[in-house]
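The sequence shown finishes on residue 328 if you use the working numbering, and the numbering steps up by one all the way, no holes. Backbone N, C-alpha and C define an ideal beta-carbon position, used for all residues, glycine too. Every value quoted in this text rests on a predicted model; they were computed, and no experiment measured them. Below: one structure, written as structure tokens.
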Amino acid sequence: MQLSNKVVIKFLDGTIIKGITNDFVPTIDTFHVVYRDDDRDIMKEVHVPVMKAVFFVKDFYGKKDVSKHVAAPTKLPGNIGKHVSVTFPDGEIISGYTYSFRDDELGFFLFPLDEADNNHRIFIITRNVSKIARDIDNKIVL
């Protein structure tokens, strides 16, 4: 039995697709998403290199009342990872925690700062970011 994940996919051209996937693998550059369009289900093969990120979400509605800016705690709980901010070429900035990051990999997972956030995790496509900086000292790591 495969588990399905609710995802919101943001592409470099500004397109957004909301759907379900059950074959996303962070080391493979394609996966499939099923989404609704005109009251029918459509399956699409997604090419990771043309995406900004894949948001693994709790629901497709989001949390409209949650503040856009959440400050990172001054003391991190054990083994939570590094707090980083990711800047995309279009100016969008996403902050969160990552356990690992290597610039030679397809991407990396970012976990939200706020547990009430609608995102479980976000897969960031490494080659499609302008900058990744550690928030603790603003050191640029990419």
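Three or more Cβ pairs closer than 8 Å define a contact, and the region 224–232 falls short of that threshold against the region 309–321.
Per DSSP, reduced to three states, the secondary structure at Thr312 is helical. Pairwise C-beta distances place the region 267–282 in contact with the region 293–307, as three or more of them are shorter than 8 Å. Rounded to the nearest whole angstrom, the C-alpha separation of Arg222 and Ile202 is 13 Å. Counting along the chain, Phe295 sits inside the beta strand (DSSP E) bounded by residues 293–296. For Asn191, the enclosing beta strand (DSSP E) starts and ends at 191–197. The beta-bridge partner set that DSSP reports for Asp227 consists of Arg222. At a Cβ-Cβ threshold of 9 Å, Lys244 and His306 count as neighbours. Beta-bridge partners assigned by DSSP to Ser271: Ser281, Ala319. One thing to note: Phe287 has its Cβ within 9 Å of the Cβ of Ile318. Residue range 202–207 is occupied by the beta strand (DSSP E) that includes Gly205.
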